[in-house]
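Colleague: Starting off with a structure, shown below.
Number of protein chains: 2
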Amino acid sequence: MAGKVAARKAALREKLVDLAEAQIAAEGLASLRARDLAKQAGCAVGAIYTHFDDLNALVLEVNGRTFRRLGATMARAVDGAEGQSPNARLTTMAQAYLHFAADQPTLWRALFDVEMSADGPVPHWYLDALGNLFSYIAEPLAELFPDLPARELDLMTRALFSSVHGIVLLGLERRISGVPVDQIEQMIAQVLSQIGNRSVS
Amino acid sequence: MAGKVAARKAALREKLVDLAEAQIAAEGLASLRARDLAKQAGCAVGAIYTHFDDLNALVLEVNGRTFRRLGATMARAVDGAEGQSPNARLTTMAQAYLHFAADQPTLWRALFDVEMSADGPVPHWYLDALGNLFSYIAEPLAELFPDLPARELDLMTRALFSSVHGIVLLGLERRISGVPVDQIEQMIAQVLSQIGNRSVS
Chain A
1 MAGKVAARKA
11 ALREKLVDLA
21 EAQIAAEGLA
31 SLRARDLAKQ
41 AGCAVGAIYT
51 HFDDLNALVL
61 EVNGRTFRRL
71 GATMARAVDG
81 AEGQSPNARL
91 TTMAQAYLHF
101 AADQPTLWRA
111 LFDVEMSADG
121 PVPHWYLDAL
131 GNLFSYIAEP
141 LAELFPDLPA
151 RELDLMTRAL
161 FSSVHGIVLL
171 GLERRISGVP
181 VDQIEQMIAQ
191 VLSQIGNRSV
201 S
Chain B
202 MAGKVAARKA
212 ALREKLVDLA
222 EAQIAAEGLA
232 SLRARDLAKQ
242 AGCAVGAIYT
252 HFDDLNALVL
262 EVNGRTFRRL
272 GATMARAVDG
282 AEGQSPNARL
292 TTMAQAYLHF
302 AADQPTLWRA
312 LFDVEMSADG
322 PVPHWYLDAL
332 GNLFSYIAEP
342 LAELFPDLPA
352 RELDLMTRAL
362 FSSVHGIVLL
372 GLERRISGVP
382 VDQIEQMIAQ
392 VLSQIGNRSV
402 S
C-alpha cells in the first residue's frame with residue numbers, strides 16, 4: 001500500500017517536471033504558472049508544493065535535465081577528436097554549445113535566468129552538473145597551459161566558458177546585437193584560436 | 202503661447218525619462234509601471250503615450266543615457282594610455298566596463314534586457330551609441346591585427362565585447378556562477394592577454 005502511494009507520488013513529481021520542461025520549451029520561463037501546471041497534471045496547486053519548495057525548485061529540476069543533455073552534447077562533439085589540437089577541440093565544443101542554445105533557446109535561457117529572482121542555496125547536484133560542463137573545457141586548456149596552477153586554470157576555464165556564453169547570448173539576440181549563426185561560429189573561432197602560446201597575465 | 206506648451210511638453214518628457222531612470226536604478230527594469238510613473242510625474246497615464254510609443258521606447262531613452270555614460274567611462278579609462286600595449290588598453294577598458302556594471306547593475310542589465318520582449322525597429326541613435334562603444338575596442342584590435350580585413354575586424358570587435366560581457370554577466374551573477382570582483386578582473390585579463398600574435402582562424 002505504502003509502495004503504491006510512493007510510486008504515485010514519484011510519478012506525479014516526474015510528470016510535473018515533464019510539464020514544466022514542455023512549458024519552458026514552448027513559451028519560456030516567464031510563462032510558467034503553478035495553476036496551469038496543476039491543471040495539466042490533474043492535481044491541486046498545493047500538491048506541487050508537497051514535491052517542490054517553490055516553482056524555482058521545479059525549474060532547477062528542469063535545468064538539471066538541460067545541463068545533463070548539454071554536457072552529453074559537448075562530450076559527443078569531441079568524442080574521437082583526441083588527435084586534434086586543444087584549440088580545435090575547444091572550438092568544436094563551443095560550436096556544440098552554440099547549436100544547443102540556438103536549437104532550444106528557451107530551455108537554454110532558463111539555465112541562467114532562474115537564479116536572478118530567487119534566494120536560498122543552490123542544490124549540490126546543480127553545481128555538480130555545472131562543474132561537469134567545466135571539466136570538458138578544462139582538459140584542452142590544461143594542455144595549452146601545462147604550467148598554470150590549478151586555481152588559475154579553474155578561473156581560465158570559467159573565463160572561456162563565459163566568453164563563449166557571451167558571444168552566443170548577444171549573437172542570438174534577435175534585435176540589437178544579433179548576427180547570423182555562421183557569424184557567431186566565426187566569432188567563437190576567432191577568440192578561441194587566440195588562446196595559448198602567450199603566458200597568462 | 203505655442204512656445205510655452207512646447208516647453209512644458211519637453212519638460213514632462215525629460216521628467217519621465219528621469220523618473221524611469223531612477224526607478225530602473227532602484228528596483229530594476231521589471232519594476233517599471235506606467236501608472237507609477239504617471240503618479241510620480243503628476244500626469245495622466247495617457248500623457249506618457251503622447252511622448253513615447255510604449256514603455257519600451259521610454260526604456261530605450263534611459264538606455265541611451267546609460268550607453269553614453271558607459272562610452273564616456275571607457276574613453277576616460279584609456280585617456281592618456283596611448284603608450285600602453287593594445288592588450289593593456291583592451292584590458293583597462295574591459296575593467297572599466299566591469300566596474301560600470303558592478304556599480305549600477307540594474308541600469309546596465311536594462312541595456313540588454315529591454316529588447317527581449319519587444320518588437321519593432323531599433324532606433325538609429327541607439328545603434329549608433331552601441332557602434333560608438335565598439336569603436337573604442339576596434340582601435341587597439343586594429344593594432345594587434347593590422348592585416349585583418351575590415352569585416353573580420355568588425356566581427357572580432359563584437360566577439361571580444363561579447364566575451365567580456367559574458368565574463369562580467371556570469372561573474373556578477375550572485376548565486377550560481379558568481380565570483381568576487383577581483384576574480385572577474387583576473388578572468389578578463391586572462392582572456393584579453395591572449396589576444397594577438399596568432400593569426401585569426
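Taken in order, these protein sequences are the chains called A and B.
If you read the first sequence in the numbering used here, its first letter stands for residue 1, the second for the next number, and so on.
If you read the second sequence in the numbering used here, its first letter stands for residue 202, the second for the next number, and so on.
Where a beta carbon is used, it is the ideal one built from N, C-alpha and C, also for glycine.
1) Against chain B, with Cβ distances strictly below 8 Å, would valine 62 (chain A) count as a contact?
2) Tell me which residues share the same chain as aspartate 314 (chain B) and place their Cβ nearer than 6 Å to its Cβ, disregarding the 5 neighbours each side in the sequence.
3) Indicate whether at least one CB of chain A lies closer than 8 Å to the CB of serine 336 (chain B).
4) For leucine 259 (chain B), which residues from the same chain have a beta carbon less than 6 Å from its beta carbon, with the 5 sequence-adjacent residues on both sides left out?
5) Given 8 Å as the limit, is there contact between the segment 208 to 217 of chain B and the segment 273 to 291 of chain B, that is, 3 or more CB pairs closer than that?
6) Over what stretch of residues does the alpha helix (DSSP H) that includes phenylalanine 362 (chain B) continue unbroken?
7) Grouping DSSP H, G and I as helix and E and B as strand, with all else coil, what is alanine 88 (chain A)?
8) Which class does valine 260 (chain B) belong to by DSSP, given the choice of helix, strand or coil?
9) Does any residue of chain A have a CB that is nearer than 8 Å to the CB of serine 364 (chain B)?
10) When you compare each of B:Glu228, B:Arg234 and B:Gln241 to lysine 216 (chain B) by their alpha carbons, which one comes out closest?
11) Closest to aspartate 383 (chain B) by CA distance: which of B:Leu271, B:Thr251 and B:His300 is it?
12) Going straight from the alpha carbon of proline 180 (chain A) to that of glutamate 353 (chain B), what length do you get?
13) Using a beta-carbon distance cut-off of less than 7 Å, what residues from the segment 285 to 300 of chain B approach chain C?
14) Please list, in chain order, the chain B residues whose beta carbon lies closer than 8 Å to that of methionine 187 (chain A).
15) Apply the 10 Å Cβ neighbour rule to glycine 166 (chain A) and answer buried if 16 or more other Cβ atoms are within range, or exposed otherwise.
16) Look at the alpha carbon of alanine 110 (chain A) and the alpha carbon of aspartate 219 (chain B), and state the distance between them as a whole number of angstroms.
17) Beta-carbon separation of leucine 60 (chain A) and proline 123 (chain A) under 8 Å?
18) Going along the chain, which residues of its own chain have a beta-carbon closer than 8 Å to the beta-carbon of leucine 130 (chain A), five neighbours each way excluded?
19) For a test of the three-state rule: what should DSSP assign to glutamate 185 (chain A), helix, strand or coil?
20) Go ahead and label leucine 127 (chain A) buried or exposed: buried means 16 or more other beta carbons lie within 10 angstroms of its beta carbon, across all protein chains shown.
Modeller: To lay it out plainly:
1) Position 62 of the first sequence, counting from 1, holds the residue named residue 62 (chain A). Closer than 8 Å: no.
2) Locating residue 314 (chain B) in the second sequence gives position 113, where the first residue counts as 1. Cβ within range, chain order: Leu230.
3) Position 135 of the second sequence, counted from the start, is the residue given in the question as residue 336 (chain B). No, because no Cβ of chain A sits closer than 8 Å to the Cβ of serine 336 (chain B).
4) Numbered from 1 along the second sequence, position 58 holds the residue referred to as residue 259 (chain B). Ala221 and Phe253, listed in sequence order.
5) no
6) Along the second sequence, read from residue 1 onward, the residue named residue 362 (chain B) stands at position 161. Per DSSP, phenylalanine 362 (chain B) belongs to the alpha helix (DSSP H) from 351 to 373.
7) The residue given as residue 88 (chain A) occupies position 88 in the first sequence. Residue state, collapsed to three classes: helix.
8) Your numbering for residue 260 (chain B) matches position 59 in the second sequence. If DSSP states are grouped into helix, strand and coil, valine 260 (chain B) belongs with the helices.
9) What you label residue 364 (chain B) is simply residue 163 of the second sequence in a count that begins at 1. Output row for serine 364 (chain B): interface = yes.
10) Residue 216 (chain B) sits at position 15 when you count from the first residue of the second sequence. Closest option to lysine 216 (chain B), Cα to Cα, is B:Gln241.
11) For the purposes of this step, residue 383 (chain B) is identified with residue 182 of the second sequence, where counting begins at 1. Of B:Leu271, B:Thr251 and B:His300, the residue nearest in Cα terms is B:His300.
12) Locating residue 180 (chain A) in the first sequence gives position 180, where the first residue counts as 1. Locating residue 353 (chain B) in the second sequence gives position 152, where the first residue counts as 1. Distance between the alpha carbons of proline 180 (chain A) and glutamate 353 (chain B) is about 14 Å.
13) Here the protein chains are A and B, and chain C is not one of them.
14) Locating residue 187 (chain A) in the first sequence gives position 187, where the first residue counts as 1. Those within 8 Å of methionine 187 (chain A) in chain B are Leu356, Met357, Arg359, Ala360 and Ser363.
15) As a working note, residue 166 (chain A) is residue 166 in the first sequence. Glycine 166 (chain A) comes out buried.
16) Numbered from 1 along the first sequence, position 110 holds the residue referred to as residue 110 (chain A). Numbered from 1 along the second sequence, position 18 holds the residue referred to as residue 219 (chain B). Computed Cα separation, rounded: 32 Å.
17) Working through the first sequence from its first residue, we reach residue 60 (chain A) at position 60. Working through the first sequence from its first residue, we reach residue 123 (chain A) at position 123. Their beta carbons are under 8 Å apart, which means leucine 60 (chain A) touches proline 123 (chain A) by this criterion.
18) The residue given as residue 130 (chain A) occupies position 130 in the first sequence. Counting only Cβ-Cβ distances below 8 Å, and skipping sequence neighbours, we find Phe67.
19) As a first step, residue 185 (chain A) is located in the first sequence; it is residue number 185 there, counting from the start. Helix.
20) Numbered from 1 along the first sequence, position 127 holds the residue referred to as residue 127 (chain A). It is exposed - the Cβ of leucine 127 (chain A) has fewer than 16 other Cβ atoms within 10 Å.
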